[in-house]
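A short worksheet on the structure shown next.
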Amino acid sequence: MKLELAQLSANNRQELARLRSELAEKESQQLDAYLQALRNQLNSQRQLEAERALESTELLAENSADLPKDIVAQFKINRELSAALNQQAQRMDLVASQQRQAASQTLQVRQALNTLREQSQWLGSSNLLGEALRAQVARLPEMPKPQQLDTEMAQLRVQRLRYEDLLNKQPLLRQIHQADGQPLTAEQNRILEAQLRTQRELLNSLLQGGDTLLLELTKLKVSNGQLEDALKEVNEATHRYLFWTSDVRPMTIAWPLEIAQDLRRLISLDTFSQLGKASVMMLTSKETILPLFGALILVGCSIYSRRYFTRFLERSAAKVGKVTQDHFWLTLRTLFWSILVASPLPVLWMTLGYGLREAWPYPLAVAIGDGVTATVPLLWVVMICATFARPNGLFIAHFGWPRERVSVGCATT
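Mapping of the sequence shown onto the UniProt record's numbering: residues 1 to 413, in sequence order.
So, in structure tokens, the structure goes:
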């Protein structure tokens, strides 16, 4: 009886802890929603004030003729700053939505992890349970990619420097003159002061909003990091508990249709468009063009040195078996140069995969880059084996293996 009461008490404590956690989470969500509403209201007020100021100064400019080019340029700058403020507010809303989504996905992953651990003891008695758990894991969100956030945060810092530079240039703008060198008229000075005042307010709003956006992006990065950690725990638990459970869906009547749909998506115009844009991004980014250029140089050097490598293999093969010339270092040199000659093509393949993975705005290119990178070890092994299997290579000339067996082994590989 006491044991049952203790068990009920433990269950009640767990249920109470769960309810408290849900209550705290709902209160946090309500507070976040309230803060987001206040931010939206403040951004809307700033945008409205900026639009009114721009309209009033443009109305003054319409009534004044022959404005200097520097004053006219301020209208364009202020319009661009107003549009940037609007985009900043929209991005703030999107980041807040992404934060909520990351928190929700993290909770979903944690629940899946708890379910997997609780049900793992029953996996031996039911294959359907294992398939259901693996299907639940397959529906979990993908691993977040931090490259986009890092790039955006760097762009925000660059924009901040530009806005600060515009603020610092305002005293110089007050010293501009007309095209003929004459001082500005009173009307022109009034228009210029109105433009500079509007510009200063826009820049201050953009600087404050940029700092807030940078902070929210940092919070989003932390949330994505928590989601990434949770997904890694799920992957480890999946490998531990579901190692013997099939991760491939059984073939059904709909399987040919699914294959056709996948092929149609693969060869769609959007696929070629994403790959084209990703290639342009890869060829114009300093982080990817330099490794690609280096890999191409390695391939070129490898092609150029093939004849020297062939002569080296012929000379080393002629020394094999001779008591006075056959040394262990000869085999080591052949092994070293064979691996070196076989490496440039896998290096180029790995560089292409890295470049596609860095094109984060295009998910399909990133997925193809992941696939390309995953095949690099296999390609490297195949290239090394092909070099070893040359007529004067390591397998035949040094190890003395029969040429027919080596040819069959390479064909099988």
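For each residue, glycine too, the CB sits at the ideal point set by N, CA and C.
inquiry  = I'd like to know if the stretch 298-306 and the stretch 272-290 are in contact, where contact means that at least 3 CB-CB pairs between them fall below 8 angstroms.
reply    = no
Neighbourhood of L379 by C-beta distance below 8 angstroms, restricted to the same chain and skipping five residues each side = L345, P346 and W349
key: Cβ pair L203, Y163 closer than 7 angstroms   = yes
key: Nearest to G371 (by Cα), restricted to the options V381, L116, L356 and A318   = L356
task = Identify the continuous alpha helix (DSSP H) that holds V372 and give its terminal residues.
result = P363 to A374
key: Simplified DSSP assignment, three categories, for H177   = coil
task = Taking 7 angstroms as the cut-off, decide whether the C-beta atoms of A359 and A295 are in contact.
result = no
ask   = Run through DSSP, which three-state label would M153 get?
value = helix
Rounded distance between the beta-carbons of L113 and V299, thought under 8 angstroms = Contact doesn't hold; Cβ gap of about 45 angstroms is too wide.
request  = Measure how close the beta-carbons of I71 and Q188 come, nearest whole angstrom, since I'm counting them as under 8 angstroms.
outcome  = 7 angstroms
key: 8 angstroms contact criterion, which L184 and H177 should meet: CB distance rounded   = 7 angstroms
Three-state class that DSSP yields for N127 in the structure shown = helix
ask   = Apart from the five residues just before and just after F336, which ones in its own chain have a Cβ nearer than 8 angstroms to its Cβ?
value = none
message = With H, G and I counted as helix, E and B as strand and the rest as coil, what does DSSP make of E49?
response = helix
inquiry  = So, at 6 angstroms on beta carbons, what are the nonlocal neighbours of L207 in its own chain, with the 5 sequence-adjacent residues on each side left out?
reply    = Y163
request  = Name the residue from L35, K221 and Y354 whose alpha carbon lies nearest to the alpha carbon of L292.
outcome  = Y354
ask   = Since E228 contacts P144 with CB under 8 angstroms, what's their CB separation in whole angstroms?
value = 6 angstroms
message = By the DSSP assignment, the alpha helix (DSSP H) with E142 in it spans what residues?
response = That residue, E142, is in no alpha helix (DSSP H); it is neither H nor E in DSSP.
query = For H239, is the classification buried or exposed, using 16 other Cβ atoms within 10 angstroms of its Cβ as the cut-off for buried?
reply = exposed
message = Please report the straight-line C-alpha distance between T373 and G210, rounded to a whole angstrom.
response = 36 angstroms
task = Taking only runs that begin and end inside the stretch 62-124, name each unbroken alpha helix (DSSP H) of 4 or more residues, in chain order.
result = 69-119
key: Closest residue to A367 among Q274, L213, Q175 and F395 (Cα-Cα distance)   = Q274
query = Per the contact definition of three or more C-beta pairs closer than 8 angstroms, is the stretch 168-175 in contact with the stretch 132-147?
reply = no
ask   = What residues in its chain sit with their C-beta under 8 angstroms from that of A342, if we drop five residues either side in the sequence?
value = W380, M383, I384, A386 and T387
request  = Go to K232, then tell me how far its alpha helix (DSSP H) extends in each direction, as first and last residue.
outcome  = A186 to Y241
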